[in-house]
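Just below is one structure, and these are the notes that go with it.
Residue numbers (the numbering used here), protein chains in the order written: chain A, 1 to 404; chain B, 405 to 876.
Shown next, in the form of structure tokens:
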């Protein structure tokens with residue numbers, strides 16, 4: 001389809017302010033409402049056009065082949081906040097950092113610290129399920145999402161979940177969307193579960209050899225000393241000469257002080273508290289570290305498998321930029337490597353019952369490997385049927401599975 | 405049911421585990437909901453994953469629908485089957501297969517009783533967190549189907565937050581493993597999708613759950629308030645102070661009266677308008693300080709007295725009335741309509757006023773016991789289902805209460821599920837497009853819609869949705 005035809009049709013639908021061209025001349029729709037987003041999807045479905053979804057393009061590159069791009073950039077409003085109920089409804093294009101500031105003004109906090117830049121959109125974080133170190137204490141992204149409004153590939157609006165913190169009405173469609181990489185629709189709005197802004201927020205770091213630090217982390221978990229974040233960072237990611245173990249305690253003053261005292265007493269490591277004014281910068285560095293190479297992977301592995309799995313990754317690829325949560329059960333690796341090596345790593349991990357998800361990579365790598373892939377027996381068919389029901393025209397240009 | 409089918413089922417599980425005489429089926433005509441009653445065609449009781457698979461394969465070949473059932477403690481009529489349907493009871497599959505204290509995981513069969521799982525983990529200082537009031541009887545498989553909650557879900561989350569992997573027999577007898585025993589799932593979050601699907605996606609035959617450490621220190625506080633509004637405001641004030649209690653439970657005057665008149669009397673003040681239980685857990689020093697803060701907040705908001713307990717025996721006494729509240733209500737009338745709805749926490753006082761108004765207008769006896777921290781209400785109506793005029797008024801009142809909760813921005817169920825009881829309310833909170841999407845998701849797992857047919861999704865209210873390929 002010629003770009004001009006697509007452009008003209010989009011302009012007729014959204015008005016001239018709702019469509020532009022990206023650097024390559026691809027028409028880009030910037031709908032301001034969920035309804036407008038669904039209309040764009042319906043048009044694409046009817047015409048058989050491929051859609052690429054973008055936020056601020058700061059995490060996944062906007063490089064999937066498509067007849068048109070849909071940006072959530074203009075879907076950036078905080079639609080409602082309720083400090084008394086600790087819930088908010090936010091459009092998918094809202095940048096995480098401005099959302100954080102807005103919530104903090106009213107004494108609220110979203111306990112998600114995703115990798116990437118501070119202007120990453122909420123929709124990007126939700127669609128890719130990329131939790132950061134706070135996953136240790138506050139759970140994966142899905143635990144913070146009460147519901148969402150999604151435009152399907154054929155332009156229907158599905159309103160999953162609700163705005164209350166406990167809800168079992170109907171099937172939990174939200175779970176499919178969070179971490180679904182946009183394969184089941186485009187997230188337009190998210191209902192968030194919030195917390196009261198923590199009264200105390202203290203980070204301590206210890207330096208040393210990798211295996212000693214990961215062993216110490218396991219000991220802390222075994223002793224039930226469970227910080228909000230407990231993250232093992234590779235030297236390259238931490239910009240240090242050796243590995244770093246960082247523990248972040250958040251909560252009431254009393255709880256944090258008690259945990260910090262125990263940390264000093266129980267662990268054999270030389271913990272150094274970070275000055276309060278450096279804490280945000282430290283975790284910002286950790287988050288941005290995952291952008292230090294073109295490819296980011298996550299592997300699901302619990303504490304006792306972290307060392308072996310890091311060896312496996314280093315063997316197939318290289319040490320890379322690593323941020324691992326031995327308690328939360330996740331390793332995030334960023335670096336560079338050929339598709340064949342990545343595929344071999346996924347196979348080797350699968351043989352150890354370790355799932356490997358491709359979080360970000362250039363399109364050729366995503367297309368070859370898929371975000372997921374290596375499904376267990378029988379699961380691929382279920383996923384294919386689910387995808388078909390949310391995107392029957394296969395309009396969403398998303399590589400959930402590889403092209404093996 | 406055709407004799408050939410009974411014979412074939414008998415060959416899989418052994419004839420003594422196939423029940424089809426009317427007297428044998430009587431036990432299985434209801435679950436915990438008193439207003440739905442139906443005889444299943446036959447009850448079959450497999451003992452292993454392999455037997456479940458063979459039973460499901462037989463039913464797939466013969467096109468017979470089925471309903472999976474645990475202990476039958478559900479409160480939404482979800483585990484009730486009609487005469488054309490096979491009821492697959494999983495209570496013989498009740499083993500805790502493995503407890504891994506290092507990885508803090510347990511593997512259980514679906515018929516394992518919730519409380520037995522925590523008992524099996526206790527020697528390692530661990531427990532399984534979701535603790536529905538029926539935990540002494542309900543099964544983990546049933547908890548998975550309903551995404552069950554419980555008092556301690558305020559801080560630690562509901563069933564979906566604690567299940568990491570499932571072995572599932574799909575309705576075409578395919579066996580799949582969803583999720584991962586480790587941290588991150590394989591592919592999309594199909595465990596999250598399956599939990600709470602009310603037996604309509606398949607049968608979970610093995611469940612891997614996360615275990616959590618038993619808290620080092622626990623403090624339970626009981627405060628009584630002269631007004632429900634004061635107690636509700638205290639709940640919000642505690643959470644706004646940045647404290648996340650393990651549980652915050654409220655009982656109204658009618659509930660306290662029922663408890664205190666029963667053998668479960670816990671010494672609750674019967675003249676209070678509301679009694680609030682707050683439980684804090686964690687590091688001993690922190691619990692001490694937070695307890696002082698909470699006590700201050702409760703008093704500020706009008707608590708007349710705040711009692712506090714730290715020893716297991718004293719805590720159990722404070723909890724007793726709450727845990728046994730449903731049993732205590734059984735004294736009042738033969739039947740109890742246990743309702744379940746959710747509202748934003750901030751509107752709790754208004755909803756309580758509204759429920760009182762509905763109660764008075766329909767001349768009913770309603771006692772309220774609820775998870776105040778997350779706005780999950782349980783208005784319980786005592787009645788006798790053999791009195792048709794009274795049962796009619798109960799039905800109307802339930803509907804009005806639900807409508808009020810939905811109008812306040814809430815949901816029709818927080819932890820009991822939709823089942824057959826609330827299917828008519830689904831269009832109140834979901835539009836036709838969303839209901840149709842739910843149906844389409846169900847058909848991705850169960851294209852012929854034979855697993856627990858007729859529950860949750862009101863088909864007439866769905867917008868037409870493209871069927872998955874290979875259907876019909």
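Every residue, glycine too, gets a C-beta built ideally from N, C-alpha and C.
Below-8 Å beta-carbon distance, residue i vs any chain B residue
i                      : result
residue 53 of chain A  : no
residue 254 of chain A : yes
residue 198 of chain A : yes
residue 137 of chain A : no
residue 372 of chain A : yes
residue 285 of chain A : no
residue 169 of chain A : yes
residue 48 of chain A  : no
residue 4 of chain A   : no
residue 132 of chain A : no
residue 334 of chain A : no
residue 165 of chain A : yes
residue 357 of chain A : yes
Supposed close pair residue i, residue j - CB separation, criterion 8 Å
i                      : j                      : result
residue 721 of chain B : residue 710 of chain B : 15 Å between Cβ atoms; not a contact.
residue 129 of chain A : residue 179 of chain A : 3 Å
residue 425 of chain A : residue 317 of chain A : This structure gives no information on residue 425 of chain A, because the portion of chain A shown stretches from 1 to 404.
residue 251 of chain A : residue 293 of chain A : Incorrect: roughly 34 Å between the Cβ atoms, too far for contact.
residue 564 of chain B : residue 599 of chain B : 4 Å
residue 380 of chain A : residue 402 of chain A : 11 Å between Cβ atoms; not a contact.
residue 727 of chain B : residue 537 of chain B : 6 Å
Whole-angstrom distance between residue j and residue i, CA atom to CA atom
i                      : j                      : result
residue 586 of chain B : residue 114 of chain A : 20 Å
residue 806 of chain B : residue 770 of chain B : 14 Å
residue 606 of chain B : residue 486 of chain B : 18 Å
residue 10 of chain A  : residue 51 of chain A  : 12 Å
residue 172 of chain A : residue 207 of chain A : 42 Å
residue 31 of chain A  : residue 843 of chain B : 28 Å
residue 442 of chain B : residue 184 of chain A : 38 Å
residue 153 of chain A : residue 217 of chain A : 43 Å
residue 752 of chain B : residue 104 of chain A : 25 Å
residue 656 of chain B : residue 680 of chain B : 9 Å
residue 243 of chain A : residue 307 of chain A : 13 Å
residue 673 of chain B : residue 628 of chain B : 7 Å
residue 364 of chain B : residue 729 of chain B : Examination of residue 364 of chain B is not possible in this model, given that chain B is present from 405 through 876 alone.
residue 581 of chain B : residue 488 of chain B : 30 Å
residue 660 of chain B : residue 145 of chain A : 35 Å
residue 592 of chain B : residue 287 of chain A : 23 Å
Residue i and residue j closer than 8 Å at C-beta
i                      : j                      : result
residue 685 of chain B : residue 640 of chain B : no
residue 73 of chain A  : residue 56 of chain A  : yes
residue 822 of chain B : residue 860 of chain B : yes
residue 616 of chain B : residue 531 of chain B : yes
residue 111 of chain A : residue 248 of chain A : no
residue 838 of chain B : residue 719 of chain B : no
residue 76 of chain A  : residue 93 of chain A  : yes
residue 376 of chain A : residue 332 of chain A : no
residue 38 of chain A  : residue 182 of chain A : no
Closer than 8 Å to chain A by CB, residue i
i                      : result
residue 424 of chain B : no
residue 834 of chain B : yes
residue 782 of chain B : no
residue 873 of chain B : For residue 873 of chain B, the predicted structure reports a pLDDT of 47, less than 50, and the residue's modelled location is therefore unreliable. A value from the coordinates is still provided. It does; some Cβ of chain A falls within 8 Å.
residue 774 of chain B : no
residue 749 of chain B : yes
residue 556 of chain B : no
residue 421 of chain B : no
So, do the region 625-637 of chain B and the region 749-756 of chain B have three or more beta carbon pairs nearer to each other than 8 Å?
yes
Does the structure place the region 564-573 of chain B close enough to the region 600-615 of chain B that three or more beta carbon pairs sit under 8 Å?
Contact between the region 600-615 of chain B and the region 564-573 of chain B is present: three or more C-beta pairs spanning the two stretches fall below 8 Å.
Would you say the region 691-702 of chain B touches the region 263-281 of chain A, given that touching needs at least three Cβ pairs under 8 Å?
no
Any contact of the region 229-243 of chain A with the region 319-332 of chain A, i.e. 3+ C-beta pairs under 8 Å?
Because the criterion of three Cβ pairs below 8 Å is met, the region 229-243 of chain A and the region 319-332 of chain A touch.
Could you tell me whether the region 461-468 of chain B touches the region 513-525 of chain B, where touching means 3 or more Cβ pairs closer than 8 Å?
No: the two stretches stay apart, fewer than three of their Cβ pairs being nearer than 8 Å.
The region 374-387 of chain A in contact with the region 847-855 of chain B per 3-pair CB rule at 8 Å:
yes
So, does the region 503-510 of chain B touch the region 473-482 of chain B, judging by three or more C-beta pairs under 8 Å?
no
Could you say if the region 765-781 of chain B and the region 828-842 of chain B meet the contact criterion of at least three C-beta pairs nearer than 8 Å?
no
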